[in-house]
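Numbers in the working numbering are just positions in the sequence shown, counted from 1, shifted up by 53. Where is the CB? At the ideal position from N, CA and C, for every residue including glycine. Before any comments, here is the structure.
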Amino acid sequence: MSLSTFIKQNEKVFKGSQDIKYFFWPSEKPSKNLVVIFSGFNGSEAKGVPATYNYIKPMSKIDCNRLFILDDYRGHPCYYLGENKKLDYEVSVISLIYRIANKLNIPPENIITCGSSKGGTAALYLGLKYQFGHIVTGGFQIKVGDYLHSVHNYGRDKVLKLITGGSTGLYKEYLNEFYLDFINNVKVKDTSLYIHGGKGDSHYLEHVTIFNETMNKRNIPYNLDIQNYSSHAEIGPHFVEFILDKIPEITRTLLIKDTFITKTQNNEIKVSCTVNDRKSTIQYAYYIYKEGKTEPVDKIMYTSDTSIIYKIKEPGKYRVRIFARRGDQKVALGTSSVSF
Numbered sequence: 054m055s056l057s058t059f060i061k062q063n064e065k066v067f068k069g070s071q072d073i074k075y076f077f078w079p080s081e082k083p084s085k086n087l088v089v090i091f092s093g094f095n096g097s098e099a100k101g102v103p104a105t106y107n108y109i110k111p112m113s114k115i116d117c118n119r120l121f122i123l124d125d126y127r128g129h130p131c132y133y134l135g136e137n138k139k140l141d142y143e144v145s146v147i148s149l150i151y152r153i154a155n156k157l158n159i160p161p162e163n164i165i166t167c168g169s170s171k172g173g174t175a176a177l178y179l180g181l182k183y184q185f186g187h188i189v190t191g192g193f194q195i196k197v198g199d200y201l202h203s204v205h206n207y208g209r210d211k212v213l214k215l216i217t218g219g220s221t222g223l224y225k226e227y228l229n230e231f232y233l234d235f236i237n238n239v240k241v242k243d244t245s246l247y248i249h250g251g252k253g254d255s256h257y258l259e260h261v262t263i264f265n266e267t268m269n270k271r272n273i274p275y276n277l278d279i280q281n282y283s284s285h286a287e288i289g290p291h292f293v294e295f296i297l298d299k300i301p302e303i304t305r306t307l308l309i310k311d312t313f314i315t316k317t318q319n320n321e322i323k324v325s326c327t328v329n330d331r332k333s334t335i336q337y338a339y340y341i342y343k344e345g346k347t348e349p350v351d352k353i354m355y356t357s358d359t360s361i362i363y364k365i366k367e368p369g370k371y372r373v374r375i376f377a378r379r380g381d382q383k384v385a386l387g388t389s390s391v392s393f
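Okay, here's the thing in structure tokens:
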């Protein structure tokens with residue numbers, strides 16, 4: 054089953070003050086955490102393209118409870134707030150989060166909000182307002198009014214107007230002050246903040262730094278990750294890496310981030326993987342599969358070696374499933390295939 058089909062089959066609508074489309078992906082093994090992922094702009098809203106879920110593929114690698122929520126107020130984004138200065142969408146979103154968390158017996162301190170850009174603003178705002186345990190955010194906007202008023206006509210005439218009731222400078226300033234007042238006055242108790250930005254990204258320079266400076270003045274700690282890129286369009290892969298580092302760290306989950314397989318000389322394959330934990334003692338096992346056979350043709354049992362070179366004995370198409378073990382945690386991820 055493809056990932057898109059899996060999402061369609063499991064997408065639901067929460068009936069609150071506003072209908073909320075969401076996709077919940079429970080953990081395979083018992084998990085004490087709930088990660089809530091908010092979406093950024095897809096870039097084609099003005100053309101009528103529906104809202105989309107973000108970061109499903111990287112989050113599929115992390116075994117925890119995952120809740121993806123769309124920002125779709127009657128077909129348009131509202132920054133997860135609502136219409137005409139009301140917070141009706143926010144109220145429904147929070148009701149959904151608490152409903153899922155309560156079913157799983159997960160307390161607020163074990164809820165992680167996550168997102169980048171518009172989704173990062175929502176993760177930051179909702180995570181702080183409702184005193185959730187952790188916020189993993191990047192490239193967000195603080196002066197949302199300025200951003201929507203200048204980014205394009207759709208942002209000004211549709212999104213800004215939807216949220217505030219108007220699109221002139223007065224409404225722009227209202228939305229700016231909404232978030233500025235919030236970050237200056239919100240009570241921050243035990244929420245852990247993990248913030249990502251691109252060194253030259255205008256969203257980092259014009260928005261994230263405002264938040265960081267405010268936290269500095271208020272003596273509120275945060276973790277900051279700055280990477281070397283200058284376009285906001287580049288945030289995706291960098292934020293994926295940030296997610297794959299920080300969320301397993303918070304949930305104490307072992308994760309195989311990626312696998313690699315290459316052909317070498319003399320009919321050999323070199324196989325390796327990267328994991329999120331660089332400090333613990335981890336062991337690896339390698340199962341070699343040949344196309345057409347359901348069982349592995351060979352197994353290399355647990356070793357401390359992070360890579361192997363394996364001799365191929367006969368022509369065919371091969372792939373490897375890599376297992377990583379840390380204490381009582383065991384995870385696995387497959388490689389792509391190579392032909393001989």
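Please classify residue i: is it buried, with 16 or more other beta-carbons within 10 angstroms of its beta-carbon, or exposed?
{"i": "arginine 372", "result": "buried"}
{"i": "lysine 453", "result": "Outside the shown range of the chain, which is 54 to 393, sits residue 453, and nothing can be said about it."}
{"i": "asparagine 118", "result": "buried"}
{"i": "methionine 354", "result": "exposed"}
{"i": "alanine 286", "result": "exposed"}
{"i": "methionine 54", "result": "exposed"}
{"i": "leucine 277", "result": "exposed"}
{"i": "glutamate 230", "result": "exposed"}
{"i": "proline 301", "result": "buried"}
{"i": "isoleucine 90", "result": "buried"}
{"i": "leucine 120", "result": "buried"}
{"i": "arginine 331", "result": "exposed"}
{"i": "arginine 209", "result": "buried"}
{"i": "isoleucine 341", "result": "buried"}
{"i": "lysine 364", "result": "exposed"}
{"i": "aspartate 72", "result": "exposed"}
{"i": "isoleucine 362", "result": "exposed"}
{"i": "glutamine 194", "result": "buried"}
{"i": "glycine 380", "result": "exposed"}
{"i": "proline 274", "result": "exposed"}
{"i": "glutamate 367", "result": "exposed"}
{"i": "glycine 250", "result": "buried"}
{"i": "lysine 299", "result": "buried"}
Would you list the one or two residues that DSSP bridges to residue i?
{"i": "aspartate 311", "result": "Thr327"}
{"i": "serine 392", "result": "Lys370"}
{"i": "tyrosine 126", "result": "His129"}
{"i": "glutamate 98", "result": "Partner(s): none; glutamate 98 has no beta bridge."}
{"i": "lysine 66", "result": "In the sequence under discussion, the amino acid at residue 66 is valine, which differs from the lysine named in the question. Lys74."}
{"i": "arginine 305", "result": "DSSP lists no partner for arginine 305."}
{"i": "isoleucine 375", "result": "Tyr339, Leu386"}
{"i": "lysine 316", "result": "Ile322"}
{"i": "lysine 364", "result": "Glu321"}
{"i": "glycine 253", "result": "Note: glycine 253 sits in no beta bridge, so no partner."}
According to DSSP, simplified to helix, strand and coil, what is residue i?
{"i": "lysine 240", "result": "coil"}
{"i": "serine 245", "result": "strand"}
{"i": "histidine 202", "result": "helix"}
{"i": "leucine 120", "result": "strand"}
{"i": "lysine 352", "result": "strand"}
{"i": "lysine 383", "result": "strand"}
{"i": "threonine 359", "result": "coil"}
{"i": "isoleucine 228", "result": "Before going further, note that residue 228 is leucine rather than isoleucine in the sequence given. Three-state DSSP puts leucine 228 in a helix."}
{"i": "tyrosine 106", "result": "coil"}
{"i": "glutamate 321", "result": "strand"}
{"i": "glycine 289", "result": "helix"}
{"i": "lysine 346", "result": "coil"}
{"i": "leucine 87", "result": "strand"}
{"i": "glycine 222", "result": "helix"}
{"i": "lysine 61", "result": "helix"}
{"i": "lysine 82", "result": "coil"}
{"i": "lysine 299", "result": "helix"}
{"i": "isoleucine 216", "result": "helix"}
{"i": "methionine 112", "result": "helix"}
{"i": "leucine 233", "result": "helix"}
{"i": "glutamate 294", "result": "helix"}
{"i": "glutamate 259", "result": "helix"}
{"i": "leucine 134", "result": "coil"}
Tell me, to the nearest whole angstrom, how far the beta carbon of residue i is from that of residue j; I am working on the premise that it is less than 8 Å.
{"i": "isoleucine 164", "j": "glycine 186", "result": "6 Å"}
{"i": "glycine 387", "j": "threonine 312", "result": "7 Å"}
{"i": "valine 88", "j": "asparagine 95", "result": "Not confirmed; about 21 Å, so no contact."}
{"i": "tyrosine 132", "j": "isoleucine 216", "result": "6 Å"}
{"i": "serine 145", "j": "phenylalanine 77", "result": "Going by Cβ atoms, the distance from serine 145 to phenylalanine 77 rounds to 15 Å, so no, they are not a contact pair."}
{"i": "glycine 69", "j": "serine 148", "result": "5 Å"}
{"i": "glycine 198", "j": "serine 92", "result": "In fact, because the Cβ distance is near 20 Å, the residues do not count as touching under 8 Å."}
{"i": "tyrosine 142", "j": "tyrosine 126", "result": "5 Å"}
{"i": "valine 189", "j": "isoleucine 296", "result": "7 Å"}
{"i": "glycine 218", "j": "lysine 138", "result": "6 Å"}
{"i": "tyrosine 337", "j": "phenylalanine 376", "result": "7 Å"}
{"i": "threonine 359", "j": "serine 325", "result": "6 Å"}
In chain order, each alpha helix (DSSP H) run of at least 4 residues that lies wholly inside the region 261-287: 262-270
4 or more residues per run - each alpha helix (DSSP H) lying fully within the region 140-213: 141-156, 171-182, 197-204
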